[in-house]
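Working notes for the structure below.
2 protein chains.
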Amino acid sequence: MAQQQQHVVRLEKRPVGKPVPGQDLVYQEAPMPSEDDLKDGEVLIKNVYLTLDPAMRGWMMDRKSYMPPVELGAIMRGSSVGQVMASCDSSLQEGDWVLCRIEVGWAEYGIAEASKVTKIDISDDIPASVHLGALGTTGLTAYFGLIEIGQPKEGDTIVVSAAAGATGSMVCQIAKHVFGCRVIGIAGGSEKCQWLIDDLGVDEAIDYKQDEGEDFARALRKACPDGVDIYFDNVGGWILNEVFKQINFKARIVVCGAISGYNNTTPAPGPSAYTQLIITSSRMEGFIVSNYAKRFKEAKEDLTGWLKEGKITYKEDVIHGLSKAPRAFLKLFGEDGGNRGRIIIDIHAEDQD
Amino acid sequence: MAQQQQHVVRLEKRPVGKPVPGQDLVYQEAPMPSEDDLKDGEVLIKNVYLTLDPAMRGWMMDRKSYMPPVELGAIMRGSSVGQVMASCDSSLQEGDWVLCRIEVGWAEYGIAEASKVTKIDISDDIPASVHLGALGTTGLTAYFGLIEIGQPKEGDTIVVSAAAGATGSMVCQIAKHVFGCRVIGIAGGSEKCQWLIDDLGVDEAIDYKQDEGEDFARALRKACPDGVDIYFDNVGGWILNEVFKQINFKARIVVCGAISGYNNTTPAPGPSAYTQLIITSSRMEGFIVSNYAKRFKEAKEDLTGWLKEGKITYKEDVIHGLSKAPRAFLKLFGEDGGNRGRIIIDIHAEDQD
Ligand SMILES: NC(=O)c1ccc[n+]([C@@H]2O[C@H](COP(=O)([O-])OP(=O)(O)OC[C@H]3O[C@@H](n4cnc5c(N)ncnc54)[C@H](OP(=O)(O)O)[C@@H]3O)[C@@H](O)[C@H]2O)c1
Ligand SMILES: NC(=O)c1ccc[n+]([C@@H]2O[C@H](COP(=O)([O-])OP(=O)(O)OC[C@H]3O[C@@H](n4cnc5c(N)ncnc54)[C@H](OP(=O)(O)O)[C@@H]3O)[C@@H](O)[C@H]2O)c1
């Protein structure tokens, strides 16, 4: 009998600038793993939802980081949720839903060690894809970055960049509705800004594509008459530099990401105004969400509670079919109108549009 | 009787670039304050030693900072030690030595509120000028910056810039001889580097004027085979950027100063490699020594103990006469061969060279 085929996306070349679909990230056929391949302790998984994340851009590069790079020719790494099709481990059985942090990646099917994946409960309230967003890395990143590094107090003024993005929108809501901060969101375009105000309840939104340079500084000053206590930064670049100029005594700058520079081929200039850290006795700190893995359980309980109480909501940008993933990845960097919420690839839904 | 005259240095113009002696900082005659001018609670002080400090460059600028700028035409601000000539306060009497944080400044004589100055004990072990250096702002800056922000542990690798300077040399010694760190000092010129190794006992010294760019990166990698746990930064600029590239997980960057940019007329580029903070989950934090004023007493006790035990030593670059202060200030920025240790102006010693 001929070997059955599935589809995967491989990293075929290390991108220079934005990853080119079909050249750097290539959708192609591959042998389909089967029940017969399972070893003791392993499970066969049908991947259902894959999420795309700016951090993936870093994994495509051949450099030392908190994780080794994806090897050339390998299936692209990524977080997904899927269902167990067959199990050689007593902890999981057919039909169980599991969260795969990196075990299956950009593929329709895969085999994983049962101990490496996490069984999840799904319900009408909390569908499977939410474990890739509000209850997944996104929610956890917002939670630990804001709480552990940002240390919000009631009445603090917090500025959030990529505020309408997956992580940023969680940060805005937790800061506003759980901690009682004054929240200023920065996003590209008036539509996203309106959404921040109407749906998330932020106090002010600044459209960085509209207001640049001096205009941005003025808009920020107006939105933060008492200065900035916390800056949750997802983007870096000139926005970071401008925010630096308005930080308060003992401010906290949470360095979550620097997406504005991820596709640069030469390093972007750093924030020359970082010397504000001295004048204001402030702190700037980076983190990787996995540092807090031991506390994910408690964090998920909090996040689930806030979801159910309606303190936080989430938005998904669902893409139908794995074949569209390489192109959808570019939305994170503003292409095709940019992403609206967490990008979720509905892997097997090729024919839905 | 004609009013007696003294000498002072005034800030006559806001410098653009390096402060020009005779134009920006002007040595001139001024009325000499007398006993008859004293109000209740005040003392008349003969200033004996004045120290010069890169932070003064910031005070000359008209911008919001942790202290208001020096006004144009005013006596330049600075720390000094002097002797009480006459007192209208019971806490101080003629002949007492006092530390004046900013009360007298660049002047031969001045009047201060007794409650604002600090009485100091001097001895053969601890001459008066040491209260401007090892036991003054310098020692305190090194102490709190290193201990509170750097959080050194035995065996940590610490890199110190402007390591042969006043603050840097204290940091090197405390890190090495009190905390047992591996210490790498960065300084300009082979003579300073040799001094760091021979007299201060650092493990390695790097001459940043000799080794730039790739050479510097290589020298740093060789000196820090296990990466950098703490960077105590006095200079900013390209050195900061290069050190960033070699920091370890959970590294601490103590932002004490950024002297390489103090005379810039346009902002120098910031450290583009600051994104290492994310990858390594590291922290970068600024401070102003006066934040810790409540703990100065305990810190001075520790510093005094370490001085007496020989764990730390200090070096002074003594300049004879207040008239030479405007020119001497430029040594901090490398002119006239640069400063060797803390610059101390022996105010009344005009004729000694
Ligand atoms: N430290 C960690 O452990 C950790 C974990 C997860 C994610 N992250 C970081 O968190 C950040 C957000 O990730 P996410 O997954 O939540 O993605 P996301 O925010 O949903 O998507 C990225 C958003 O960034 C904005 N953006 C793109 N290019 C920009 C530019 N040049 N200037 C300003 N904004 C730009 C876009 O929003 P606009 O349309 O508003 O421009 C885009 O929607 C990323 O930097 C990521 O690397 C860090
Ligand atoms: N945060 C606080 O509370 C606080 C308090 C006091 C001082 N400080 C800061 O601490 C730093 C040191 O002050 P200090 O009083 O101890 O002065 P210092 O180190 O005795 O003198 C400054 C030294 O900086 C070095 N330098 C000058 N320009 C440089 C450049 N372009 N690149 C690299 N190095 C350069 C020179 O050493 P080389 O000959 O080796 O180049 C010079 O000797 C300053 O940045 C100051 O602002 C901060």
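Each protein sequence line maps, in turn, to chains A and B. Per full-length UniProt numbering, the first sequence starts with residue 1, numbered consecutively. Per full-length UniProt numbering, the second sequence starts with residue 1, numbered consecutively. Glycine residues also receive a C-beta, built at the ideal position from the N, C-alpha and C atoms. Because the structure is a prediction, the values reported are computed rather than measured.
Taking non-hydrogen atoms of ligand 2 into account, the C-beta of B/Lys18 is found less than 7 Å away from none of them.
Cβ proximity to chain B below 9 Å picks out Phe287, Ile288 and Asn291 from the region 287-316 of chain A. Around the Cβ of A/Lys192, a 10 Å sphere holds 16 or more other Cβ atoms; the residue is buried. Counted as a single uninterrupted DSSP element, the beta strand (DSSP E) harbouring A/Met284 occupies residues Arg283 to Gly286. Beyond the five residues adjoining it in sequence on each side, B/Leu135 comes within less than 6 Å, by CB distance, of Lys300 and Leu303 in the same chain, given in chain order. Setting aside the 5 residues that flank it on each side, A/Pro127 has no residue in the same chain whose C-beta is closer than 8 Å to its C-beta. The DSSP assignment places complete alpha helix (DSSP H) segments of no fewer than 4 residues inside the region 141-213 of chain A at 166-173 and 190-195, in order along the chain.
DSSP, read as helix, strand or coil, puts B/Ile122 in coil. Annotation: A/Pro31 is outside any alpha helix (DSSP H); the continuous beta strand (DSSP E) that includes it extends over Leu25 to Pro31.
If the five residues before and after A/Asn234 are omitted, its C-beta is found closer than 7 Å to the C-beta atoms of Ser161, Ala162, Gly165, Thr167, Gly168, Cys256, Gly257 and Ile259, all from its own chain and listed in chain order. A Cβ-Cβ distance of about 30 Å is found for the pair B/Ser272 and A/Gly105, leaving them out of contact under the 8 Å criterion.
Placement of the Cβ of A/Thr138 at a distance of less than 7 Å from at least one heavy atom of ligand 1 is found. Take A/Ile158, set aside five residues on each side of it, and the residues of its chain with a beta-carbon closer than 6 Å to its own are Ala175, Cys181, Val183 and Ile230, in chain order.
Close CB contacts of B/Thr118 within its chain, under the 6 Å cut and outside five residues either way in sequence, are with Leu99 (chain order). The closest heavy atom of ligand 2 lies 7 Å or more from the beta carbon of A/Ile345. Within 8 Å of the CB of A/Gly270, the CB atoms of chain B belong to Asn241, Pro269, Gly270, Pro271, Ser272, Ala273 and Tyr274, in sequence order along the chain. Within 7 Å of the C-beta of B/Ala187 there is at least one heavy atom belonging to ligand 2.
Ranked by Cα distance from B/Gly188, the options B/Glu29, B/Leu332 and B/Thr313 are led by B/Leu332.
Rounded to whole angstroms, the gap between the alpha carbons of B/Ser87 and B/Asn339 is 36 Å. Per DSSP, the continuous beta strand (DSSP E) segment holding A/Trp97 begins and ends at Trp97 to Cys100. When Cβ pairs closer than 8 Å are counted between the two stretches, the region 213-220 of chain A is seen to touch the region 238-255 of chain A, the count reaching three or more. Distance check between A/Gly133 and each of A/Pro21, A/Ile312, A/Ala268 and A/Gly237 places A/Ile312 closest, using alpha-carbon atoms only.
Shown here, A/Gln352 sits in a helix according to DSSP, grouped into three states. If only uninterrupted beta strand (DSSP E) runs of at least 3 residues are considered, those enclosed by the region 39-65 of chain A are 42-51.
With a cutoff of 7 Å, B/Tyr274 does not count as near ligand 1, since its C-beta is closer than that to no heavy atom of the ligand. Secondary structure of B/Ser323 (DSSP, three-state): helix. Look at A/Tyr262 here: in three-state DSSP terms it is coil, with no helix or strand label. Not one heavy atom of ligand 2 sits closer than 7 Å to the Cβ of A/Cys193. Close CB contacts of B/Leu196 within its chain, under the 7 Å cut and outside five residues either way in sequence, are with Ala163, Ala164, Cys172, Gly185, Ala187, Val202 and Ala205 (chain order). Bridge partners of A/Ser80 according to DSSP: A/Leu50 and A/Cys100. For A/Phe249, the uninterrupted beta strand (DSSP E) segment begins and ends at Ile247 to Val255. At a cut-off of 8 Å, the C-beta of A/Ser260 has no neighbouring C-beta in chain B. A Cβ of chain A is located within less than 8 Å of the beta carbon of B/Thr280. Remark: C-beta atoms of B/Gly82 and B/Val48 approach each other more closely than 8 Å. Chain-ordered, the chain B residues with CB closer than 8 Å to the CB of A/Gly257 read Ile278.
B/Arg342 sits buried, since 16 or more C-beta atoms from the chains shown fall within 10 Å of its C-beta.
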